[in-house]
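One structure is given here, and the rest of the page talks about it.
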Amino acid sequence: MKKILIVDDLHPAFKDQAIAMGYQVDDEPQITRQQTLDKIKDYTGIAVRTKFRIDAELFAAAPNLKFVARAGAGLDNIDDKIAFERNIELINAPEGNCDAVGEHATGLLLSLMNNFRRADMEIRNGVWDREGNRGYELKGKKVGIIGYGFMGQSFAKKLAGFEVDVMAYDKYKTGFSDAFAREVSMEEIVKHSDVLSLHIPLTAETRQMVDDEYFFHFKKPIFFINTARGEIVNTPAVLSAIKTGKILGAGLDVLQVEKFPALGEQVWYDELKNNDKVILTPHVGGWTFDSYRKISEVLAEKLSGLSF
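Take the sequence shown: its letters are residues 17 to 324, numbered as in our numbering.
Next up, the structure:
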């Protein structure tokens, strides 16, 4: 019988539908990596979110593996080169959490432009400063989106009612202008953007792509949003750009180092946490109660289309 090992917390919809397709499903969200290595040889598929990397060691221990189901948007925690060499199918579910990411990015942007974090903290501390918390309106602004896949498109759609000019650049796509965004060159993004939002995967090419030089080229002060992957952005470069006025505010759902204690040990962490022009969230942009279910449903649908 075809067997699937679920090693992470997935909505039961995936397990239920996989069983209906004839799979034996072992749902073990508390399983450790070592325990997985010890038993993965017997499985046709593995389903994971972010618990650990599906790397060379794990692939070597899984001679019967036919697919990896990633309950999320990216595939950067999977060694896709080995998967390709072994004809192992990789399925993910950006369709399941793109609405969550689009809404989260919009929320971060509105919070930054209207000083919600600073104003809230000041009032709680007895300060009533209307002038110091005067905000900006979105209407009429130019929003630059880098990457126009499911996430970038979702953000563009969420902005549709704000009467903004949405520009999108995607290095790997052309001819994608639609009712929500117009395709532009990177030169136009850096020349005209009032807002910059990242929606690209983490690859060898994009790792630490956004650095001091990257921000230097922007012609106007920008609001900066990152709901993609933290390793794409050099955090000290963001803090430096805020100091110089290049960045008016930064909304960061992801960081180049995540989780404690590792995050707290970074030399830039104290400056980041004390900067009132930064809003931080703990990598939850695509992780809502709704997307929890939708991701599993999308994965199950893609599983039904596999043949081996």
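Cβ atoms here follow ideal geometry from the backbone N, Cα and C, with glycine treated the same way.
* To do: List the whole-angstrom C-beta distance separating threonine 243 from valine 211, where the pair is believed to meet the contact cut-off of C-beta under 8 Å.
  => Actually they do not touch by this definition, with Cβ atoms about 13 Å apart.
* What residue ranges within the region 219-276 form continuous beta strand (DSSP E) runs of no fewer than 3 residues, ordered along the chain? -> 238-242, 263-268
* Rounded Cβ spacing between lysine 19 and threonine 60 (contact assumed at less than 8 Å) -> 5 Å
* Check each candidate in Lys235, Gly267, Thr219 and name the one with the smallest Cα separation from isoleucine 248. => Thr219
* Please confirm whether aspartate 115 and arginine 65 have their CB atoms less than 8 Å apart. => no
* serine 213 - containing beta strand (DSSP E), residue span -> 211-214
* Ignoring anything shorter than 3 residues or poking outside the region 26-111, list the beta strand (DSSP E) runs there in chain order. => 40-43, 61-64, 83-86, 105-107
* Any idea which residues DSSP pairs glutamate 181 with across the strands? -> Before going further, note that residue 181 is aspartate rather than glutamate in the sequence given. According to DSSP, which records beta bridges pairwise, aspartate 181 is partnered with Lys158.
* Of the residues Met37, Arg69, Ala78, which one's Cα is nearest the Cα of lysine 57? -> Ala78
* DSSP-derived helix/strand/coil call for lysine 293 -> coil
* Asked: Closest by CA to isoleucine 107, which one among Phe132, Glu119, Ala135, Ile62?
  -> Ile62
* To do: State the beta-bridge partners of glutamate 204 as determined by DSSP.
  => Its beta-bridge partners do not exist; DSSP assigns none.
* Please name the residue in Gln33, Tyr39, Phe68 whose C-alpha comes closest to that of glutamine 46. => Phe68
* Based on Cα-Cα distance, which residue from Ile241, Ser312, Lys310, Leu319 lies nearest to valine 294? -> Ile241
* What are the boundary residues of the beta strand (DSSP E) that includes lysine 19? -> 19-22
* Please work out which residues of its chain come closer than 7 Å, Cβ to Cβ, to isoleucine 216, disregarding the five sequence neighbours upstream and downstream, and give them in chain order. => Ile162, Gly163, Thr222, Ala244, Ile248
* **Euclidean distance between Cα positions of phenylalanine 196 and alanine 85** => 31 Å
* Counting Cβ pairs, one atom from each stretch, are 3 or more of them under 8 Å apart for the region 85-96 and the region 185-194? -> no
* To which residues of the same chain is glycine 38 closer than 8 Å at the C-beta, ignoring the five residues directly before and after it? -> Met17, Lys18
* Residue closest to phenylalanine 238, alpha-carbon to alpha-carbon, out of Tyr308, Lys158, Asp306, Ile311 -> The question names phenylalanine, but residue 238 is isoleucine in the sequence shown. Closest by alpha carbon: Lys158.
* **Cβ-Cβ separation, phenylalanine 171 to leucine 154 (assumed contact under 8 Å), whole Å** => Not really, about 13 Å apart at Cβ, beyond 8 Å.
* Distance, glutamate 287 Cα to isoleucine 258 Cα -> 11 Å
* Just the C-alpha distance for glutamate 147 and asparagine 131, rounded to the nearest angstrom, thanks. => 11 Å
* Is glutamate 153 helix, strand or coil by DSSP? -> coil
* Asked: In whole angstroms, what separates the C-alpha of phenylalanine 231 from that of glycine 246?
  -> 16 Å
* Close beta carbons around tyrosine 308, own chain, < 8 Å, minus the five adjacent residues each side -> His27
* **leucine 74 to leucine 53 span [Cα, whole Å]** => 6 Å
* Asked: Near isoleucine 22, what residues of its chain come up, given a Cβ to Cβ distance below 6 Å and the 5 sequence neighbours on each side ignored?
  -> Asp43, Ala63
* Asked: Can the beta-carbon of alanine 29 be found less than 8 Å from the beta-carbon of glutamate 313?
  -> yes
* Can you give me the start and stop residues for the alpha helix (DSSP H) that aspartate 136 sits inside? => 132-140
* Asked: Given that a residue counts as buried once 16 or more other Cβ atoms are within 10 Å of its Cβ, and exposed if not, what is histidine 120?
  -> buried
* For valine 226, the nearest candidate out of Ser201, Val254, Ser320 (CA to CA) -> Val254
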